[in-house]
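The structure appears right after this line, and notes come after that.
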Amino acid sequence: MTHRKLVGACLALGLVTFTALGTTAQAQSANNDLYRGITKVEVFANSAMVITGGESQRYQLVIYRLDALKNVEAAINQRLPKTEAAARAYFQANQAEIKKQITPHVLSAANGIALARHYKIDRLPAIVVDGANVIYGVPDVPQALALVQQHRASAAKR
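Residue 28 in our numbering sits at position 28 of the sequence shown, and the numbers go up by one each step.
Here's what the structure looks like:
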């Protein structure tokens, strides 16, 4: 390989590397903008809905499954024996363990239902950002955050 071709190949490789680094920096900058000013994200969904992208450590994330009470009841009923006497005996023997297992789910569902009423949520999925912005029909948290940031930017321009 001639010196000229080698220099050209190195320049091309350097340009590709520089472009990739620029793209990475732009993505990181966009990511930082996505989370700027976001402190809490609350997601309201049912158990059939897949919520994606809520793994950030930059804000508090809470997911409320509003049908959790029905799911808890179904899970308990599935484990109960068929006869009433056997079911009572099973419940008496396992009451502490059952309460321990279901209490977090029951509390989360009850809190979610109360908050959904407070926010006047009328359909699912709904993502509430910082208690002020509600995004409906978007199951992807970063996508919802991008919509909120667009709204904030346009409101700031007014």
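We put the CB at the ideal spot given by N, CA and C, even for glycine. Only a predicted model underlies this, so the values are computations on that prediction, with no experimental measurement involved.
- Here Q60 carries a strand assignment [DSSP, helix/strand/coil].
- Residue environment for G137: exposed (fewer than 16 other C-beta atoms within 10 angstroms of its C-beta).
- Non-local C-beta neighbours of R58 in its own chain, meaning closer than 6 Å and more than five positions away in sequence, comprise Y35, ordered along the chain.
- The stretch 118-131 makes no contact with the stretch 72-87, as fewer than three CB pairs between them are under 8 Å.
- Burial state of V50 is exposed, judged by a 10 Å Cβ sphere holding fewer than 16 other Cβ atoms.
- Your pair A68 and A109 checks out as a contact, with CB atoms roughly 4 Å apart and the cut at 8 Å.
- When secondary structure is reduced to three states using DSSP, A155 falls in the helix class.
- Going by C-alpha positions, V72 is about 47 Å away from K157.
- The alpha helix (DSSP H) runs lying completely inside the stretch 80-155 and spanning 4 residues or more are 84-118, given in chain order.
- About 19 Å separates the beta carbon of D140 from that of G37, a gap too long to meet the 8 Å contact definition.
- Considering only L145, A146, K70, A144, the residue with the shortest C-alpha distance to I102 is K70.
- Membership of A45 in the beta strand (DSSP E) is indicated by the continuous run 40-45.
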